[in-house]
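In the order they appear, the protein sequences are chains A and B. Residue numbering for the first sequence follows UniProt numbering, starting at 1 and increasing by one per position. Residue numbering for the second sequence follows UniProt numbering, starting at 1 and increasing by one per position. Structure first, then comments.
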Amino acid sequence: MQPTSSMKEEFLQKWQMGLQIYRPLIDNTSVSERRKAIKLSADVAMASLRRGTTCWSRALIQKTATEDNFLVRQMLSGIKAETLINKKLPKVMCHRKIVRRSKKILRRRKSRSAIEEVAAKARKLVKKKTQGLRNVVPGGEFMSNDVLLIQETLDYIVSLQTQVNVMRSIVDAAEAGSERTAYYLGKPKFAIEDG
Amino acid sequence: MLEGLVSPESLSLSYADMSVPERLKWLQQHQQQEVLSLSSNDSPDLLQILQFHGSNNDELLQSTFSHFQMVGSGFGTNYNMGFGHSHEAMDGYISRTSSCQIHSPDTMGVMLKNSEENRAISLKNKRKSEVCLIIVKTREEEKTEKKIKVEAETESNISNKEASSDTSKETSKGASQIQKLDYIHVRARRGEATDRHSLAERARREKISKKMKYLQDLVPGCNTVTGKAGVLDEIINYVQSLQRQVEFLSMKLAVINPELELGVEDLSVKQFQAYFTNFPVVIASKPSVMVDVPLFPLDQQGSLNLSVSNPNQTSIDAPSESWETQSQSLFASVLR
Numbered sequence: 001m002q003p004t005s006s007m008k009e010e011f012l013q014k015w016q017m018g019l020q021i022y023r024p025l026i027d028n029t030s031v032s033e034r035r036k037a038i039k040l041s042a043d044v045a046m047a048s049l050r051r052g053t054t055c056w057s058r059a060l061i062q063k064t065a066t067e068d069n070f071l072v073r074q075m076l077s078g079i080k081a082e083t084l085i086n087k088k089l090p091k092v093m094c095h096r097k098i099v100r101r102s103k104k105i106l107r108r109r110k111s112r113s114a115i116e117e118v119a120a121k122a123r124k125l126v127k128k129k130t131q132g133l134r135n136v137v138p139g140g141e142f143m144s145n146d147v148l149l150i151q152e153t154l155d156y157i158v159s160l161q162t163q164v165n166v167m168r169s170i171v172d173a174a175e176a177g178s179e180r181t182a183y184y185l186g187k188p189k190f191a192i193e194d195g
Numbered sequence: 001m002l003e004g005l006v007s008p009e010s011l012s013l014s015y016a017d018m019s020v021p022e023r024l025k026w027l028q029q030h031q032q033q034e035v036l037s038l039s040s041n042d043s044p045d046l047l048q049i050l051q052f053h054g055s056n057n058d059e060l061l062q063s064t065f066s067h068f069q070m071v072g073s074g075f076g077t078n079y080n081m082g083f084g085h086s087h088e089a090m091d092g093y094i095s096r097t098s099s100c101q102i103h104s105p106d107t108m109g110v111m112l113k114n115s116e117e118n119r120a121i122s123l124k125n126k127r128k129s130e131v132c133l134i135i136v137k138t139r140e141e142e143k144t145e146k147k148i149k150v151e152a153e154t155e156s157n158i159s160n161k162e163a164s165s166d167t168s169k170e171t172s173k174g175a176s177q178i179q180k181l182d183y184i185h186v187r188a189r190r191g192e193a194t195d196r197h198s199l200a201e202r203a204r205r206e207k208i209s210k211k212m213k214y215l216q217d218l219v220p221g222c223n224t225v226t227g228k229a230g231v232l233d234e235i236i237n238y239v240q241s242l243q244r245q246v247e248f249l250s251m252k253l254a255v256i257n258p259e260l261e262l263g264v265e266d267l268s269v270k271q272f273q274a275y276f277t278n279f280p281v282v283i284a285s286k287p288s289v290m291v292d293v294p295l296f297p298l299d300q301q302g303s304l305n306l307s308v309s310n311p312n313q314t315s316i317d318a319p320s321e322s323w324e325t326q327s328q329s330l331f332a333s334v335l336r
């Protein structure tokens, strides 16, 4: 699946809606706060495209809710209930370190043929990588099985691509706009006055 | 007992010409008739035939065939002739089909008595065709251990159906969807374990590998890597690079656009494209790494900007890093 233009449009609309919430507070904010506002509203817009059906979108909304509860509530007021925001993240399924240690102890007496060792190493590597994937995908720690993890990753990648595409086009359009005005007015490029 | 089971004209087809899948289809067509016409059969011979307890293949073949011949004499001439001239050469085929037709709902119930009789009887009409197929498969492989597999497979299919009836999964070869049942047909290969757990595990593994294939298509540059670990590595790198891009772009937008104004309110994607391509001159003079304007991908479905705008870069990570280094010098005065 690839990002469709309808997805991009919807993302853009939601993102604009989120940024409008910030606009009254614009005057004396720093770059970092603006950046945070942009990023958070973009994340919530991306997650709300899925309307709560996927695990990563719920986890992402909850994560941004911890940073800016007000924004999330405003953006999602029409679509989803407070339940989505208030729902606590589920507890981690198991304490992996403890499980791993006990498994290691149990496994001490297994056979040590060469082929099995290679296969065991390969399996360990794959497990490490899936753990790494869980760390990257939002809400990955709460996905109990691998099938779900891969499904969520697929969906998350498509949504990220949408987000990046739209953001980049906006940035380039904005750059083009500022450059155009600079060009025509003879001002130096990158005239960034306030910080 | 076998009356009405087989219509004489259908049997005039020579069995040698039909391959297994055609035979299966033929059987499918006659399912309905059989269901309607079968009465309760209590013959112990049939039970004996269908209960594969410790009997050899050849014995079974011969017993089925002899039984069939016994009964076949009651039929019309067509029927007999169909078998009469060919039985030496094709007793295998005949007994295959005959064993499929012989069983009745009640024998099915008996056969599955070991595994939850009530469920089996309630599912008997659907099970019939499936067991029929499994018996056919058994003949093909000619391995005694496979008989246990057959029962195990049936059992696992029952359990699978109970467990996951609403997910649609792929079927194994040869067992093309006879009826619209939503459970997985996992084919146990030669010499592999056949208990319920390993079958379920194999089904799970096949699902995972199918999804990994989708991921490989989605992530650019993943086709060259083989093995799960490499593909997962690429996926992780790709997701991380996408996340970094988002952060970077939001920073850039925050700098360029102090008002947080995203432009025209009802801007559609087409308008963006048009707006942008109207000013190629200005853009070309800009020493930017990021974008070549004509390649601007707003309505270009499919490729991410990344791979389009930086054809020289081989890896996906490199572009984002080069942006960051270049732009950092740019925004050095602005950043805290």
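Cβ atoms here follow ideal geometry from the backbone N, Cα and C, with glycine treated the same way. Computed from a predicted model, the values in this text were never measured in an experiment.
query: Residues of the region 193–204 of chain B with Cβ closer than 8 Å to any Cβ of chain A, in chain order; result: Arg204
query: Proximity winner among Asp172/A, Ser57/A, Ala42/A, Arg123/A, relative to Met143/A (alpha-carbon distances); result: Ser57/A
query: Lys228/B: contacting residues in chain A (beta-carbon distance under 9 Å); result: Ala122, Leu125, Val126, Lys129, Thr130
query: Neighbour list for Asp68/A in chain B, Cβ cutoff strictly below 8 Å; result: Within 8 Å Cβ-Cβ: nothing; Asp68/A doesn't reach chain B, min ~14 Å.
query: Environment of Tyr22/A [buried if 16+ CB atoms lie within 10 Å]; result: buried
query: Interface partners of Gln245/B on chain A, CB under 7 Å; result: Val164
query: Span separating the alpha-carbon of Glu9/A from that of Asn165/A; result: 11 Å
query: DSSP state of Ser144/A mapped onto helix, strand, coil; result: coil
query: Unbroken stretches of the alpha helix (DSSP H), 4 residues or longer, contained in the UniProt domain "IBH1-like N-terminal" (5–66) of chain A; result: 5–22, 31–48
query: Chain B contact residues for Glu175/A, given Cβ-Cβ distances below 7 Å; result: Ile256
query: CB contact flag (Leu218/B, Leu106/A, <8 Å); result: no
query: The region 131–151 of chain A / the region 218–231 of chain B touching (three or more Cβ pairs under 8 Å); result: no
query: Proximity to Cys55/A [Cα-Cα], best of Val31/A, Gln151/A, Thr162/A; result: Gln151/A
query: Cβ shell of Asp43/A (< 7 Å), same chain only, five flanking positions each side left out; result: Leu60, Thr64
query: Nearest-angstrom Cα separation, counted from Ala120/A out to Ser250/B; result: 43 Å
query: Inter-residue Cα distance where the pair is Ser315/B and Val231/B; result: Here the model assigns Ser315/B a pLDDT of 38, short of 50, so the residue's position is not dependable, and the following value carries that caveat. Distance between the alpha carbons of Ser315/B and Val231/B is about 14 Å.
query: Contact with chain B by Thr153/A, beta-carbon distance below 8 Å; result: yes
query: Closer than 8 Å to chain C by CB, Ile61/A; result: Going by chain labels, chain C is absent from the structure shown, which instead holds the protein chains A and B.
query: Closest residue to Leu40/A among Ser30/A, Ser6/A, Met75/A (Cα-Cα distance); result: Met75/A
query: Val255/B - DSSP class collapsed to helix/strand/coil; result: helix
query: Outcome for Val246/B when other beta-carbon atoms lying within 10 angstroms are tallied against a minimum of 16; result: buried
query: Classification of residue 221/A by the beta-carbon crowding that lies within 10 angstroms, buried from 16 upward; result: Only positions 1 to 195 of chain A appear in this structure, which leaves residue 221/A out of reach.
query: Selected residue, minimal CA-CA separation from Arg123/A, among Ile236/B, Gly227/B, Ile235/B; result: Gly227/B
query: Simplified DSSP assignment, three categories, for Gln163/A; result: helix
query: Test: Lys213/B CB closer than 8 Å to a CB of chain A; result: no
query: Rounded distance between the beta-carbons of Gln163/A and Met46/A, thought under 8 Å; result: 5 Å
query: DSSP three-state assignment for Gly139/A, whether helix, strand or coil; result: coil
query: Extent of the continuous alpha helix (DSSP H) run through Asn69/A; result: 69–75
query: Against chain A: residues of the region 232–244 of chain B by CB proximity under 8 Å; result: Leu232, Asp233, Ile235, Ile236, Tyr238, Val239, Gln240, Leu242, Gln243
query: Closer than 8 Å to chain B by CB, Gln161/A; result: yes
query: For Leu148/A, the nearest candidate out of Val31/A, Ser159/A, Thr130/A (CA to CA); result: Thr130/A
query: Short CB-CB distance (under 8 Å) between Leu133/A and chain B; result: yes
query: Supposed close pair Leu49/A, Ser159/A - CB separation, criterion 8 Å; result: 6 Å
query: Supposed contact pair Ile157/A and Val255/B - C-beta distance, whole angstroms, cut 8 Å; result: In fact, because the Cβ distance is near 27 Å, the residues do not count as touching under 8 Å.
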